[in-house]
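Numbering (mature numbering (1 follows the signal peptide of the UniProt record, and there is no 0)) for the sequence shown: -23 to -1, 1 to 612.
Structure first, commentary second.
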Amino acid sequence: MKIFILSTFSIILAALLASSVDADQAYQDERNKIIQEENKLRLGYDMKLEGDEKKADEIFLKHKQEELNGESNLPSMHYYRAKTSLQKSKVYQLIKKMPKGASLNIHPPGAVSSEWLVKNIASETNLRKCKDKELLTFREKSDVCKSGSMVVSNSEDKNKWFNMYTPQPELTFNSSGAAFGQLCDMFDRVDDALNYLPIFKAHYKQFLEELYKDNVMYTEVRVKFSELYDGTNKKYSFDDVVKEIENVVKEFKAKHPDFIGLKIIYAILRNEKAEEIRKNFEIYKDLRSKFPNTIIGLDFVGWEDKGAPLKNFTNEFLSAKQDGSKFFLHAGETNQLGSTDLNLVDALVLETTRIGHGYALAKHPVLMKMAKDKKIPVELCPVSNQINGFVADLRNHPGSILMSENVPIVLGNDSPGFMAMDGLSPDYYYTIMSLAPYQEGLKTLKKLVWNTIEYAQLNEEEKKKAQDLLKEKWNVFIKEVLKQEQFGWTDANLVDALLLNTTRIGHGYALVKHPFLMKKVKEKNIAVELCPVPNQIKGFIRDLRNHPGSVLMLENAPIVSGNDSPGFMNIDGLSPNYYYAIMSLAPYQHGLKTLKRLVWNTIKYAQLTGEEKKNAEILLKKKWNVFIKEILKDG
């Protein structure tokens, strides 16, 4: 009898263990399936690594993950604070050696190193500056100096004229206005001096030298056309501007046959008067007809928040489009949801060839899908965005969302000279270390580099030459990596939370980087307990306008507002979270409708019985009506 009982117990125990093993296996299978689905959506998923590339990727990832797990954590630091330490980074040193294809978002006046500008412009004995403002010129008499000019003193600190670097960026640039203001001042300051013909030619030559040193083989530059002049005060036409640039490029290519070339995007300043802007459209058309192989299209440049929106010149754009023009429009270079980021709507309706910056695109899911479906790449400039005050920690840059959705991306560096950037290397470093997942390496970098040629305005013959050359240079780079002998999985907890059928998700800060999971959250109606102020206090984010919760709100994901540990964090109840939700995360035009939804959600997703919920809703409605009357009383 005892033997029978023991045998039966053993059978039952074995069955239970088998059932437990089956359940665990099913769980793991489902978990792996979700992760695979996530990975399929990411930028670079379709890029193949073969042979030595796979070995090199293992080495690269080893260095990457060691740096991410290290104490200093450079990817979380502002570029200016990390700048010196980056020289010791193995990842950064490899990226400096990496071929970078093309540079597609760059402004030549701000592209050459400040050291060169100080040595070759500021040190010239015939350099003058206006008496009433700090504008530089080589003319004794100039329209830019209304009150006359004077010779520049040797005692002046000239480096600050061309260099935004500061050891304390968070203090110097405490708003995007402070940074943008300084950047615009630099462009204005150097403009007339760069139009001096000898300097103009030397500057473009140096620009190409610095690109080439950074392993860039081709560039498309935004050029704001101004008349050139020489030592006799002779003035040169805009045709001459194009010819001089073409001559410099021709000479450079003769010395460097592996440099593909340079093409020009005609840049119109959006802060000019309307009459001047319309005049520029006509000048552009004339130049394009004369130099169709060099002038490839048109852009609006300048401080987007303070300049004219694209919609003000729809007729002019449509007229240019009818003539076969292409557009490369700066749009959404803002961290505000309002009139400025609606330039993205106009850019896409006008069928722009590429989008400059597109910082706000991730907050517009319909536009983001349009860009993806139409294969319109975003010229992402993360380090420039950081320096200009849009985001303090690049791990919170919205480009990570674009990458997770496989929106076409090319990397640019905007004004690397003025911004004291080491070419394109900082942007590639922060993109792979701060924006990309923990486990992504050379596959993602290769995709980003190949995209620069894919989306460059090259004819078929030029593109084939560029691709063949890039492949050669990439293989040399892989051999260099082989000489070298955690998107950590913390946020993969989101996968497990969903598989375990969680009722709500606490915080969910990383959810927006997982579009597949975000879709499942919406489908299953799982509320996210959003805690923006605690996230800020814990150091995840500095400027709450960049909080990923804004994307959840725009995607209409279920959200309730929480405040985590308000006592310990010295938070004034839930009020700060509601304040920042409506002022920083919500669109400019949203008000009580959004707040009401957030408040009502707290009852909807609370674990109340049917009767309890009904009583709570009745009571909340009464209190809401009192609140509305209070607002009306205050006027």
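All C-beta atoms, glycine included, are put in the ideal place defined by N, C-alpha and C.
How is residue i classed by DSSP in three states: helix, strand or coil?
i: residue 603; result: helix
i: residue 161; result: helix
i: residue 353; result: coil
i: residue 237; result: coil
i: residue 276; result: strand
i: residue 616; result: Missing from the structure shown is residue 616; the chain here goes from -23 to 612 and no further.
i: residue 264; result: helix
i: residue 219; result: helix
i: residue 592; result: helix
i: residue 116; result: coil
i: residue 542; result: coil
i: residue 203; result: coil
i: residue 614; result: This structure leaves residue 614 out entirely; the chain is present only between -23 and 612.
i: residue 288; result: helix
i: residue 580; result: helix
i: residue 515; result: coil
i: residue 294; result: helix
i: residue 173; result: strand
i: residue 245; result: strand
i: residue 611; result: helix
i: residue 80; result: strand
i: residue 622; result: Residue 622 falls outside the range modelled here, since the chain spans only -23 to 612, and no answer is possible.
i: residue 212; result: strand
i: residue 254; result: helix
i: residue 548; result: coil
i: residue 463; result: Confidence in residue 463 is poor, its pLDDT being 38 and thus under 50, which makes the residue's placement too unreliable to answer from.
i: residue 498; result: helix
i: residue 537; result: strand
Does the Cβ of residue i lie closer than 7 Å to at least one heavy atom of the ligand PLP?
i: residue 244; result: In the structure shown, the ligand PLP is absent, as is every other ligand, since no ligand is present at all.
Are the CB atoms of residue i and residue j nearer to each other than 8 Å?
i: residue 345; j: residue 382; result: yes
i: residue 664; j: residue 268; result: Residue 664 cannot be examined here, being either before or after the span of the chain that is shown, -23 to 612.
i: residue 371; j: residue 333; result: no
i: residue 379; j: residue 422; result: no
i: residue 365; j: residue 160; result: yes
i: residue 248; j: residue 283; result: yes
i: residue 455; j: residue 33; result: yes
i: residue 415; j: residue 42; result: yes
i: residue 304; j: residue 325; result: no
i: residue 613; j: residue 521; result: For the chain, the structure presents residues -23 to 612; residue 613 sits outside this window and is missing.
i: residue 354; j: residue 432; result: yes
i: residue 486; j: residue 452; result: no
i: residue 164; j: residue 86; result: yes
i: residue 203; j: residue 394; result: no
i: residue 426; j: residue 77; result: yes
Name the two residues that bound the continuous alpha helix (DSSP H) containing residue i.
i: residue 449; result: 437 to 460
i: residue 306; result: Taken as a continuous stretch (DSSP letters only), residue 306 belongs to no alpha helix (DSSP H), being part of the beta strand (DSSP E) at 305 to 308.
i: residue 376; result: 376 to 381
i: residue 195; result: From DSSP, residue 195 is part of no alpha helix (DSSP H) but of the beta strand (DSSP E) over 195 to 200.
i: residue 73; result: 67 to 74
i: residue 127; result: First-last for residue 127: 126 to 128, but that is the beta strand (DSSP E), not the alpha helix (DSSP H).
i: residue 146; result: 146 to 149
i: residue 58; result: 56 to 63
i: residue 405; result: 402 to 407
i: residue 557; result: 552 to 557
i: residue 121; result: Residue 121 -> no alpha helix (DSSP H), and no H or E assigned at all.
i: residue 324; result: 320 to 326
What are the boundary residues of the beta strand (DSSP E) that includes residue i?
i: residue 504; result: 504 to 507
i: residue 522; result: Element bounds for residue 522: n/a, residue is neither H nor E.
i: residue 481; result: 481 to 483
i: residue 332; result: 331 to 334
i: residue 105; result: 105 to 107
My guess is that residue i and residue j are in contact by the Cβ rule of under 8 Å, so how many angstroms apart are they, rounded?
i: residue 508; j: residue 539; result: 5 Å
i: residue 613; j: residue 483; result: Because the chain in this structure spans residues -23 to 612, residue 613 falls outside the shown range and cannot be described.
i: residue 104; j: residue 129; result: 5 Å
i: residue 287; j: residue 308; result: 7 Å
i: residue 361; j: residue 411; result: Not confirmed; about 14 Å, so no contact.
i: residue 571; j: residue 580; result: Between residue 580 and residue 571 the Cβ distance is about 16 Å, and since that is not below 8 Å, they are no contact.
Contact between the segment 169 to 181 and the segment 105 to 121 (3+ Cβ pairs under 8 Å): Because the criterion of three Cβ pairs below 8 Å is met, the segment 169 to 181 and the segment 105 to 121 touch.
Report yes or no: do the segment 190 to 205 and the segment 68 to 83 share at least 3 C-beta pairs separated by less than 8 Å? Output reads yes: the segment 68 to 83 touches the segment 190 to 205.
Taking one C-beta from the segment 257 to 266 and one from the segment 221 to 239 each time, how about it: are there three or more such pairs within less than 8 Å? Cβ pair count under 8 Å is below three, so no.
For the 8 Å Cβ check, are there 3 or more pairs between the segment 147 to 159 and the segment 94 to 108? Taking a contact to require three or more Cβ pairs closer than 8 Å, the segment 147 to 159 and the segment 94 to 108 do not qualify as touching.
So, does the segment 437 to 457 touch the segment 49 to 57, judging by three or more C-beta pairs under 8 Å? Contact between the segment 437 to 457 and the segment 49 to 57 is absent, because fewer than three Cβ pairs lie under 8 Å.
The segment 75 to 88 / the segment 115 to 125 touching (three or more Cβ pairs under 8 Å): Flag = no, the segment 75 to 88 and the segment 115 to 125 do not touch.
Using 8 Å as the cut-off, can you tell me whether the segment 122 to 130 makes contact with the segment 205 to 222, which would need three or more C-beta pairs spanning the two stretches below that distance? Of all C-beta pairs linking the segment 122 to 130 to the segment 205 to 222, fewer than three are shorter than 8 Å, placing the two stretches out of contact.
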